[in-house]
Amino acid sequence: MDFGLVMEYSWVLLILIGLEGILAADNALVIATMVKHLPEEKRKKALFYGLAGAFLFRFGSLFLISYLVNIWQVQAIGALYLIGIAAYHLLKKHVLKPKVKTAKTLAEKGSGFWATVIKVELADIAFAVDSILAAVALAVTLPLTSLPQVGGLDGGHFAVILAGGIIGLVIMRFAASYFVGLLDRRQGLETAAYMIVGWVGVKLAVYTMAHPEIAFLSEGFAKSAPWKITFWSILLLIAVGGWFLSKEKSEDRNKSEEKDVS
Numbered sequence: 027m028d029f030g031l032v033m034e035y036s037w038v039l040l041i042l043i044g045l046e047g048i049l050a051a052d053n054a055l056v057i058a059t060m061v062k063h064l065p066e067e068k069r070k071k072a073l074f075y076g077l078a079g080a081f082l083f084r085f086g087s088l089f090l091i092s093y094l095v096n097i098w099q100v101q102a103i104g105a106l107y108l109i110g111i112a113a114y115h116l117l118k119k120h121v122l123k124p125k126v127k128t129a130k131t132l133a134e135k136g137s138g139f140w141a142t143v144i145k146v147e148l149a150d151i152a153f154a155v156d157s158i159l160a161a162v163a164l165a166v167t168l169p170l171t172s173l174p175q176v177g178g179l180d181g182g183h184f185a186v187i188l189a190g191g192i193i194g195l196v197i198m199r200f201a202a203s204y205f206v207g208l209l210d211r212r213q214g215l216e217t218a219a220y221m222i223v224g225w226v227g228v229k230l231a232v233y234t235m236a237h238p239e240i241a242f243l244s245e246g247f248a249k250s251a252p253w254k255i256t257f258w259s260i261l262l263l264i265a266v267g268g269w270f271l272s273k274e275k276s277e278d279r280n281k282s283e284e285k286d287v288s
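Numbering of the sequence shown is given in the working numbering, commencing with residue 27 and proceeding in unit increments.
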């Protein structure tokens, strides 16, 4: 295999690992919040069901999307979805700024065990779709390989998406606590992550507009060097900017905020 091809695939996989890490941490944080009101024994069971659901839905989404990825309507819906969730998150966090709920309030409004499990599984479905669509949008413009196709996907594209999905699950299982802590210390990273998700949605939109049945853009534009350079430059700028512009919280500040909430 050509060295340049290996490097391009490796670079996309590296970006995907970082993005999957942020999304996995967010997924784990949401699940942890949902089950927080349950007794410890039931909480562990709900978390187990949540992780099992994340595994099943993520791989189910992967195999389903592999057969639908070349349908431009699916690409368009995926692009709108990614841009939509990014816009929703950014508006909620920086414009609407919802009131922070205390642990006591969450406990008082907590659902029963099976109702909580259903909520966790619904969250898993949403995060699985986010994860796979973001991975597909990053992978589909990579050069084709000689590997056999899986559904409508090139074998190399499928391998990258599959690897990203597996890594995301591993991160959610073993390293999510680190990412949750990192997001807590540098809250700007979460904003940067969702900006990246939105930008990846733009990439998928460009890929859709270059589809032969639409031809709003030339078919080769989505895979052209100028567009690739533009896309990766802006993505890197968002990531680096998110890191350096997010102020790191000190432990003392975290403790004081926890006291205020309690």
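Note that beta-carbon positions come from the ideal geometry of N, C-alpha and C, so glycine has one too.
With fewer than 16 other Cβ atoms inside 10 Å of its own Cβ, L122 counts as exposed.
Rounded to whole angstroms, E67 and V143 show a C-alpha spacing of 14 Å. Under the DSSP assignment, L263 falls in the alpha helix (DSSP H) whose first and last residues are 251-271. Short of 6 Å from the beta carbon of A80, and not among the five residues preceding or following it, lie these beta carbons of its own chain, in chain order: D150.
DSSP places L230 in the helix class (H, G or I) of the three-state scheme.
Taking A72 as reference, the option from G44, I264, F139 with the minimal CA-CA separation is F139. Per DSSP, the continuous alpha helix (DSSP H) segment holding Q99 begins and ends at 98-117. The residues T167, in chain order, have a CB closer than 6 Å to that of K249 in the same chain once the five nearest residues on each side in sequence are set aside. A265 is positioned such that its CB atom lies closer than 9 Å to that of I222.
Straight-line measurement puts the Cα of A161 at about 13 Å from the Cα of G224.
Each residue's CA atom was taken as its position, placing L42 and A141 some 33 Å apart. For the set G177, W253, R211, the Cα lying nearest the Cα of K273 is the one of R211. Taking 9 Å as the cut-off, the Cβ atoms of V176 and S92 count as close. Cβ-Cβ distances below 7 Å link Y220 to A112, H115, L116 in the same chain, with the five nearest sequence neighbours on each side left out; the list follows chain order.
For V155, the secondary structure class from DSSP, reduced to helix, strand or coil, is helix. About 13 Å separates the beta carbon of S87 from that of A163, a gap too long to meet the 8 Å contact definition. Boundaries cannot be given for G246, as no alpha helix (DSSP H) includes it and DSSP labels it neither H nor E. Between A231 and A102, the CB-CB gap stays under 9 Å. For L179, the beta-bridge partners assigned by DSSP are V176. Annotation: P174 to H120 spans about 45 Å, alpha carbon to alpha carbon. Cβ neighbours of W98 within its own chain (closer than 8 Å, five residues either side excluded): T234, H237, E239, I240.
Under the three-state reduction of DSSP, G86 is assigned to helix.
Beyond the five residues adjoining it in sequence on each side, F247 comes within less than 8 Å, by CB distance, of V232, A236, W253 in the same chain, given in chain order. Pairing L195 with G268 gives a Cβ-Cβ distance that is not under 9 Å.
Across the structure, G178 and S36 are spaced so that their CA atoms are roughly 22 Å apart.
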